[in-house]
Every structure is written in C-alpha cells, then in structure tokens.
Amino acid sequence: MPTATIHDAEVHVDAEGFMTEYDEWDKTLAHDLAAAIGVELTPRHWTAIDFLRKDYVDENETPTLRRVAAGTGISIKQLFELFPVKPAKKMAYIAGLPKPRGCV
Amino acid sequence: MKRLVILGAGTAGTIVANRLRRRLSPGDWRVVVVDHDTTHLYQPGLLFVPFGAGNPDELVRPRRQSLAAGVEFVDGEIDRVDPAVHTVALADGRTIGYDFLVIASGTQPRPDQTPGMLGVEWRRSIHDFYTLDGATALRQALARFAGNGGRLVVHIVDMPIKCPVAPLEFAFLADAHLRALGVRDSVDITFVTPLSGAFTKPVAAARLAYLLDVREIKLETDFLVEHIDDETRELVSYDERRIPFDLLVTVPLNMGAQFVARSGLGDELNFVPVDRHTLRAKAYDDIYAIGDAADLPTSKAGSVAHFAAEVFVENFVRLARGEPMTAEFDGHANCFVETGEGKALLIDFNYETEPLPGEYPLPGVGPLRLLRPTRLNHWGKLAFSWLYWNVLLPGRPLPLPAAMTMAGKHRPEEE
C-alpha cells in the first residue's frame, strides 16, 4: 500500500490518492487535501464532509452523492458548486474516505 | 401456526415462496405472498420488444400460475409495514400479521424524479424500455426515428439500476438494427452515463468501451442529469453540459417501493438496508429483503435474486428450526449481454471479484464464453426464457452453484 506525506504526516493512500485509513485523517489534513484539488473549505463544505465521516462509520461505505444530499439538505446542484465536476469523488477525497464504489 | 409473509411476487418473491413452501411443514407454516399486480412479467424479454422481436403479450403470465399450490396469494396494494406489531396494512384496510417478513418488492423506474422527463415529450421523443408499455411505445418511436435519422441518445439517470448492462445492450442492438435497415449513416448514437466508464468494473468497462467504439457509439461519462429541456430536446447535467437528442432512450431513476419509505424501512432511494451475507434487515431481526428491494452492493438482476434466494431459503429453514443461519450470500451475479448480430457475451461476478474473461460454467469447456461475444451466448440468453418459467420460478434446482467460482476465469495479465 503506497503512502503519501501530507502536512508532514505520512498517510496511507490508494493508487489514486484516496486515503485508506479512517483514523489517519484529521481536519488539518482535510484543508491540505482540499487545497490539492483546488477547493477552499467553507462551513458549507464542512457540513458535507462531517456527514461523510459520520455516515462512513455507520454504513462502512462511502456515501453516494444522493445520500449526501438527502442527509445534509444540501442539494445535488449545490454540491456540484461546492465540489465542482466530480463532487462524489472530491468529497470522499477530502473526507479521507475510500473512493465511492461505483454501483454495479 | 406461524406465518411467513412475502411482499412482492416477482422473481425473488416467487422463488422464495415456492422453495420454502416445499421445505416448511404445511402444519407449522403458512406462506403468504402479497402483490398489487396479478401478472408476472418476464423482464429480460423487454429489451427485444423495441426491435420488433416477439409478441409483448407473450412476456406476461398470471402470477398465481407461477406460485406453488399451498402458497396463499393476496391481491392487494401494500400501504405500510408496522414492524413494532408485526403487521402489514393493505390500502383497502386489510391487515396481515407476520412472524417473519420478506420484502421482495423490487425497484421501479421513476421518471417523475427528473424535471422535464414527464413533460410533453414523454412517449414522443423521450422513452424508456423497463416497462411493457414503454418498450411497446418505443417500438413505434424507433421505427419512426429510423425513417428520419438524427441523434439517438441512450441514457442512465443514476445508479443503481435494474439490470445495469441493459442500456449498453440497447445501444448495441440499436446499432445493429439501424445497420440492418441501411440507415446507420444518418444516425448518431451516444451513450450517456453517470459513471466514469462504460461499466463499473475496470476489465469489463474496458471491453465494453471497445465494443462501443468499434460500433461508432460515442461515450459521454460522468454525466449526471439535472433536468431535461423539453423545448430544445436536450439533456442538461448538473455541471451544465447539454446533449441534444431526437430520440432519447432513458433509464429513469430507480427507487424501491413507496411503502418501504412510508414504513421507515428504506434508505434515500427506498431500498432496505440489509446484512449483505444474510439479507436480514439491519433494523429488525424478523424482516429480510431480497432481490432488487435490498441495498446490496451488487447488481440489481434476476440472477442475483435467484442466487440470493437459494442462500436465503437454506438459512430460513434453519431459522425456522431455531438454529443459527450458516449460509452466506456472496453477491453472485451472472448476466448475458447482447452485443447485436446474434451474439452475446456473459459476465459472472460477485462482491469481491469483478467480471473476468474465461469460460462458463466449465473451465476450458464452457460452452459459454465470459466477456467475449459468441452466438452460443446469444442462444443461451434466448433459451433462458424457458428455464425462467419452468425451472427457476417453480424453484426447481438449476445445475449452477449459487456461489461464484474462480474456476474458468482468467485475469487479463494471466492470459
């Protein structure tokens, strides 16, 4: 399993850079991860990220875009504005969660 | 006398009812099936209807005919489940008590969930093929379209959908159909998907993308539709891409039954969260969900319903004796993919293993080929209709193991 150094911390990541160890993440890292993909975190972003972190613990699965919208009240349209182009992947990346599983 | 109540008499509900009726003592158990629709539809047949193959009427049979003697059928609309008092309320006021409940109410296409889909263009230039009405209407629309030419767009609103390979099959068959009519040159075909590739899993996605490419079918990925502009006839995505169409064949958002939501048993798409190996609802020990109604991380497909039903039946027989469940469902799915010109490929996979090339069911022999279009695969798909009505639904044994096997499969780097 490859590792990456973010903000002086060595963390485990997959081939695409998604963190693979839930407990290695913290809020400082999130800012760095966000900056790496051109996102500046506002309180609205944190509402989504906090939901992803909590839902992952409950479901053991990175939530889908629709699930984040339903769980936070932030519309899919707004999620696209907060995390442009590929919101589901970007949210997972910043929240330190595995890449969302494409449904089969 | 204990009562097992099954909500929905589709593929999963019918197999479970028929198998358990044989396995549970008639003196100890009643098996009750509830459905609001008295006809059973052979859904794999819908794909061929728009291309004029077969008579749509031959795809339906009375539900009672598929249910074994001794299974009680209740014709009624389900209003809600009350898990606290173990009852199912029907819309007409009847109430059915249960000791165990199996939710097998499937998934439904919901064109109402995408703004603009059910507008003036619905069933004119916007069609679906997951319903008998839709597939039949599309037959006429496709014939008209072939006469005029233009832009054909095959589209998936969002995952998960029932039979996730069917939209690809539709695109392949449309290409072959329009070529046979000699009008392919006057038609553009685009496949539009919310996924990042032609399919979810890498090996199959690469092979299927190749099949699109050689057929000159354009692939538009990561496209999540926000609305349909029915004045300009365009799909509009959340990131403001627009895709114009003259004929749109869409797969609407799939959602579980409304009563699941009313009962507080569903997730954001009304699918029932279950343990992926036992199918037991996470929230209640006496409720199970099987087939498309469950939130399993595998395909929503008849083969999954069938394999899961076999595992569930073994477990339930133990449960009925007061013993622990020991069988575990592995997410096994097995799907024929029509590729046009009388050929099909086959994919076989589970929770852990993506679709791989090889032979099925016998290593080295087949006779069916995995991930490679052959004529025999196509005949396998057509022959399946007989097996479905006469072997699968009655719950007779099919000589295919419920668990997926790696025998006969090759990882591409090993070839």
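Protein chains in written order, with our numbering: chain E, 1 to 104; chain D, 1 to 415.
Where is the CB? At the ideal position from N, CA and C, for every residue including glycine.
Cutoff 7 Å; reference residue i; Cβ partners in own chain excluding five residues on either side
i	result
E:P87	L65, L79 and F80
E:D83	At residue 83 of chain E the sequence reads Phe, which differs from the Asp that was named. Counting only Cβ-Cβ distances below 7 Å, and skipping sequence neighbours, we find V39, K90 and M91.
E:P100	T62, T64, A88, K89 and A92
D:L400	P361
D:G366	E359 and Y360
D:A146	L178, L181 and V183
D:R139	V49, P50 and G52
D:V120	D230
Residue i: contacting residues in chain D (beta-carbon distance under 8 Å)
i	result
E:F83	Correct list: empty, because the minimum Cβ distance to chain D is about 11 Å.
Element boundaries [alpha helix (DSSP H), containing residue i]
i	result
D:Y210	P202 to V214
D:A166	A166 to A180
E:Y133	An answer regarding residue 133 of chain E cannot be provided, because it is not within the stretch 1 to 104 covered by chain E.
E:Y93	P87 to I94
D:N315	G302 to A320
D:I15	T11 to R23
E:E81	I76 to L82
E:G71	L65 to T72
D:F384	R375 to L387
D:S66	R63 to S66
E:L29	K27 to A36
D:A261	Q258 to R262
Residue i: first and last residue of the uninterrupted beta strand (DSSP E) it sits in
i	result
D:H155	G150 to I156
E:A15	Unbroken run through E:A15: none, as it is neither H nor E.
D:D229	V225 to D229
D:S237	E234 to S237
D:Y360	G358 to L362
Proximal chain E residues relative to residue i, where beta-carbon distance stays under 7 Å
i	result
D:E226	K77
Exposed unless 16 or more other CB atoms sit within 10 angstroms - verdict on residue i
i	result
D:T339	buried
D:D230	buried
D:P397	exposed
D:R321	exposed
D:E415	With a pLDDT of 44 at D:E415, under the threshold of 50, the modelled position of that residue is not reliable, and no figure is offered here.
D:R318	exposed
D:V85	exposed
D:L181	exposed
D:L101	buried
E:T5	exposed
D:M1	exposed
D:T14	buried
D:V214	exposed
D:V249	buried
D:R207	buried
D:G97	exposed
E:D14	exposed
Interface partners of residue i on chain D, CB under 7 Å
i	result
E:K86	D222
E:R101	P297
Heavy atom of the ligand ZN within 8 Å of residue i beta-carbon
i	result
E:H45	You won't find the ligand ZN in this model; it holds no ligand whatsoever.
Interface residues of chain E facing residue i [CB-CB closer than 8 Å]
i	result
D:L269	R66
D:D239	F80, P84 and V85
Residues of its chain near residue i, where Cβ-Cβ distance is below 6 Å and the 5 sequence neighbours each way are ignored
i	result
D:P83	Y284
D:S299	P164 and A333
D:F307	H332 and A402
D:D99	K2 and R3
D:R21	V31, A68, G70 and V71
D:A9	V33, D35 and R63
D:H40	R61, R63 and S66
D:V304	T298 and A333
D:L46	F129 and A135
D:D239	none
E:G96	M19 and W25
Other residues of its chain near residue i: CB distance less than 8 Å, five sequence neighbours each side excluded
i	result
D:G364	G408
D:S196	T221 and D222
E:T3	E10, V11, H12 and V13
D:N270	M255, G256, A257, Q258, V260 and A261
Discussion item. Closer than 7 Å between beta carbons: that is the criterion. Which residues of the stretch 51-81 of chain E meet it against chain D?
Written reply: Answer set for the stretch 51-81 of chain E: R66, R67, A70, I76, K77 and F80.
Discussion item. So if I threshold CB-CB distances at 8 Å, which residues from the stretch 48-63 of chain D count as touching chain E?
Written reply: none
Worksheet entry | Members of the stretch 354-372 of chain D that neighbour chain E once the beta carbon cut-off is set at 8 Å | none
Worksheet item: What are the residues of the stretch 280-308 of chain D that lie near chain E, defined by any Cβ-Cβ distance shorter than 7 Å?
Response: P297, T298 and S299
Worksheet item: Of the residues that make up the stretch 150-171 of chain D, which ones have a beta carbon closer than 9 Å to any beta carbon in chain E?
Response: Taking 9 Å as the Cβ-Cβ cut-off against chain E, the residues of the stretch 150-171 of chain D that qualify are D158, M159, P160, I161 and P164.
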